[in-house]
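Peer 1: Chains D and R are the protein sequences, given in the same order.
Residue 4 in our numbering sits at position 1 of the first sequence, and the numbers go up by one each step.
Residue 86 in our numbering sits at position 83 of the second sequence, and the numbers go up by one each step.
Backbone N, C-alpha and C define an ideal beta-carbon position, used for all residues, glycine too.
The structure presented is a predicted model; accordingly, all values stated were derived computationally and were not measured.
Number of protein chains: 2
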Amino acid sequence: MRKGKQTRQQILETALNIATGSSLNDLTIGSLAAATEMSKSGLFAHFKSKENLQLAVLEYAHKVFRERVIEPQSNNEDPFDRLLKTVELWLEWYGQQAQSCIYISATTEFDDQPGPVRDKLKRDLTLLLSFLENLVTHTIEKGDLKHDTDAKHFVFEFYSLYLGSQQMKWVDFEDSDQTHFWRAFDNLINRYRKDKS
Amino acid sequence: MRKGKQTRQQILETALNIATGSSLNDLTIGSLAAATEMSKSGLFAHFKSKENLQLAVLEYAHKVFRERVIEPQSNNEDPFDRLLKTVELWLEWYGQQAQSCIYISATTEFDDQPGPVRDKLKRDLTLLLSFLENLVTHTIEKGDLKHDTDAKHFVFEFYSLYLGSQQMKWVDFEDSDQTHFWRAFDNLINRYRKDKS
DNA sequence: GAAATAATAGCACGAACGTTCGTTGCTGTA
DNA sequence: TACAGCAACGAACGTTCGTGCTATTATTTC
Numbered sequence: 004m005r006k007g008k009q010t011r012q013q014i015l016e017t018a019l020n021i022a023t024g025s026s027l028n029d030l031t032i033g034s035l036a037a038a039t040e041m042s043k044s045g046l047f048a049h050f051k052s053k054e055n056l057q058l059a060v061l062e063y064a065h066k067v068f069r070e071r072v073i074e075p076q077s078n079n080e081d082p083f084d085r086l087l088k089t090v091e092l093w094l095e096w097y098g099q100q101a102q103s104c105i106y107i108s109a110t111t112e113f114d115d116q117p118g119p120v121r122d123k124l125k126r127d128l129t130l131l132l133s134f135l136e137n138l139v140t141h142t143i144e145k146g147d148l149k150h151d152t153d154a155k156h157f158v159f160e161f162y163s164l165y166l167g168s169q170q171m172k173w174v175d176f177e178d179s180d181q182t183h184f185w186r187a188f189d190n191l192i193n194r195y196r197k198d199k200s
Numbered sequence: 004m005r006k007g008k009q010t011r012q013q014i015l016e017t018a019l020n021i022a023t024g025s026s027l028n029d030l031t032i033g034s035l036a037a038a039t040e041m042s043k044s045g046l047f048a049h050f051k052s053k054e055n056l057q058l059a060v061l062e063y064a065h066k067v068f069r070e071r072v073i074e075p076q077s078n079n080e081d082p083f084d085r086l087l088k089t090v091e092l093w094l095e096w097y098g099q100q101a102q103s104c105i106y107i108s109a110t111t112e113f114d115d116q117p118g119p120v121r122d123k124l125k126r127d128l129t130l131l132l133s134f135l136e137n138l139v140t141h142t143i144e145k146g147d148l149k150h151d152t153d154a155k156h157f158v159f160e161f162y163s164l165y166l167g168s169q170q171m172k173w174v175d176f177e178d179s180d181q182t183h184f185w186r187a188f189d190n191l192i193n194r195y196r197k198d199k200s
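1) Kindly indicate if chain R contains any beta-carbon less than 7 angstroms away from that of Phe159 of chain D.
2) Measure from the alpha carbon of Glu54 of chain R to the alpha carbon of each residue in R:Leu94, R:Leu86, R:Lys123 and R:His183, then state which is nearest.
3) Taking DSSP as the reference, what is the three-state secondary structure of Phe184 of chain D?
4) Give the single residue among D:Ser26, D:Thr23 and D:Leu35 whose Cα lies nearest to the Cα of Gln13 of chain D.
5) Helix, strand or coil for Leu87 of chain D per DSSP?
6) Looking only at its own chain, which residues have a Cβ that is under 7 angstroms from the Cβ of Lys88 of chain R, when we skip the five neighbours before and after it?
7) For the putative contact between Leu164 of chain D and Ser163 of chain R, defined by C-beta atoms under 8 angstroms, what is the C-beta separation to the nearest angstrom?
8) Please check the pair Ala109 of chain D and Leu27 of chain D, which I expect to be a contact at CB under 8 angstroms, by giving their CB distance rounded to whole angstroms.
9) Which of the three DSSP states, helix, strand or coil, is assigned to Leu148 of chain D?
10) As an exercise, report each continuous alpha helix (DSSP H) stretch of at least 4 residues that is fully enclosed by the stretch 61 to 138 of chain R, in chain order.
11) Which partner residues of Arg196 of chain D appear in the DSSP bridge assignment?
12) Is Thr39 of chain D helix, strand or coil when you go by DSSP?
13) Just reading off the alpha helix (DSSP H) that Ala154 of chain D is part of, what are its end residues?
14) Do three or more CB pairs link the stretch 133 to 146 of chain D to the stretch 130 to 141 of chain R at distances below 8 angstroms?
15) Use the C-beta contact count for Thr31 of chain D: other C-beta atoms within 10 angstroms, 16 or more gives buried, fewer gives exposed.
16) How many whole angstroms separate the CB atoms of Ile107 of chain D and Ala64 of chain D, which I take to be in contact at a CB cut-off of 8 angstroms?
17) Within 7 angstroms of any Cβ in chain D, is that where the Cβ of Phe176 of chain R sits?
18) Could you tell me whether the Cβ of Leu164 of chain R comes closer than 7 angstroms to any Cβ of chain D?
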């Protein structure tokens with residue numbers, strides 16, 4: 004049972020790499036087997052179905068995202084600082100891998116395709132947005148953002164910028180330093196920041 | 004030749020409907036043949052390859068978008084009014100079809116898959132962003148937006164909001180009236196609008 | 001070290017895909 | 001009336017996909 008978990012982990016690692024570079028659908032069991040130098044059936048036995056593989060990959064991506072972006076700041080008691088640092092980690096993480104966010108591509112691929120994968124994507128995106136909304140709410144309560152700030156709308160604007168930055172990087176409308184994103188994000192923060200008193 | 008063009012048009016119509024509801028890849032020749040009540044081979048003869056079909060569908064989508072969104076305002080001499088009305092038509096158009104924008108889904112599907120389809124998508128998106136940038140530039144020159152407005156950055160913010168609205172509608176973070184989009188867009192306009200003098 | 005169990009490989013399947021081929025109707029012109 | 005050309009069809013091809021069986025190796029347990 005020990006060796007099994009280990010190779011399963013290795014499979015998921017390369018699977019996430021492949022899926023990040025292309026998409027969840029293009030990640031076929033055959034190509035993944037070739038990439039991990041295993042037989043199709045041997046690899047297949049780990050997941051019992053392609054759907055389970057896709058779910059496992061998403062779960063793994065979720066875990067990596069948490070470890071790299073969320074958890075490093077989970078002990079930061081200052082919500083405003085935590086918000087800013089989290090965004091920083093977020094864009095740094097997705098920026099250094101010159102590829103596209105698997106969650107974005109998977110969402111546009113599965114948003115019209117009912118099933119467990121879509122359900123998980125929906126749940127995860129909802130959770131992420133709620134998490135951010137909470138963080139903003141705390142920041143407001145702490146007094147670092149105006150008290151009449153609409154936390155949900157703030158998150159809407161932020162996440163839009165994230166999507167835009169990623170998409171427009173593709174046609175060189177945005178650069179690799181995400182200059183447009185940071186300019187717009189600064190502006191977003193400043194619009195809602197409490198005036199110095 | 005007359006009958007040919009006509010059925011080809013009908014094929015493209017239903018093809019666009021299907022592809023809009025799912026994606027360009029899910030639009031298989033078999034399913035499209037079933038939807039148009041034709042044989043696979045009969046339909047195939049119109050396009051000679053799946054790639055040509057995909058290109059034709061994108062071309063048709065492009066044409067519809069132009070007719071519905073761009074051209075109705077092409078004679079509007081006031082660039083600011085034209086900009087606002089174009090955005091209005093745009094969101095109205097994509098909002099009434101409760102599905103997702105085919106260009107967005109196609110872009111995330113093909114952005115890592117070299118070939119003519121990706122090239123066309125890249126070209127079309129670039130063209131659209133340039134078109135908007137031009138419109139904003141004219142508006143600035145006309146004096147309706149601040150003279151130091153960065154047209155490209157304005158477009159970046161706008162298109163981000165468009166992407167965000169579409170994506171977040173999926174998890175009910177945005178409503179069907181696109182309330183968040185309009186609120187953010189109003190704010191965007193007002194931030195760059197020339198102060199009344 | 002043997003027995004038990006887990007992990008992997010080999011092989012084959014059915015279905016779906018894009019594509020090709022030969023043929024059949026239909027329509028308009030000589 | 002005969003013929004040419006286009007439009008559409010049915011059947012089949014080769015390939016790839018996910019998946020299920022069965023055997024064989026590796027690993028753990030006693």
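Peer 2: From the atom records:
1) Judged by the 7 angstroms Cβ criterion, Phe159 of chain D is in contact with chain R.
2) Of all alpha-carbon atoms in R:Leu94, R:Leu86, R:Lys123 and R:His183, the one lying nearest the alpha-carbon of Glu54 of chain R is that of R:Lys123.
3) DSSP, reduced to helix, strand and coil, places Phe184 of chain D within a helical segment of the structure shown.
4) Answer by Cα proximity: D:Leu35.
5) Helix, per DSSP.
6) Excluding sequence positions up to five before and after Lys88 of chain R, its CB lies within less than 7 angstroms of the CB of Gln76 and Asn79, all in the same chain and listed in chain order.
7) That belief holds up - the Cβ atoms of Leu164 of chain D and Ser163 of chain R are roughly 5 angstroms apart, short of 8 angstroms.
8) Contact between Ala109 of chain D and Leu27 of chain D holds: their C-beta atoms lie close to 5 angstroms from each other, under 8 angstroms.
9) Secondary structure of Leu148 of chain D (DSSP, three-state): strand.
10) The stretch 61 to 138 of chain R contains these whole alpha helix (DSSP H) runs: 82 to 99 and 105 to 113.
11) According to DSSP, Arg196 of chain D bridges with D:Leu148.
12) Correct three-state label for Thr39 of chain D: helix.
13) Its alpha helix (DSSP H) spans residues Ala154 to Lys172.
14) The stretch 133 to 146 of chain D is not in contact with the stretch 130 to 141 of chain R.
15) Classification of Thr31 of chain D: exposed, given that the 10 Å Cβ count is below 16.
16) Between Ile107 of chain D and Ala64 of chain D, the beta carbon gap of about 11 angstroms keeps them out of contact (Cβ cut-off 8 angstroms).
17) True, the Cβ-Cβ gap to chain D drops below 7 angstroms.
18) Chain D contact via Cβ: present.
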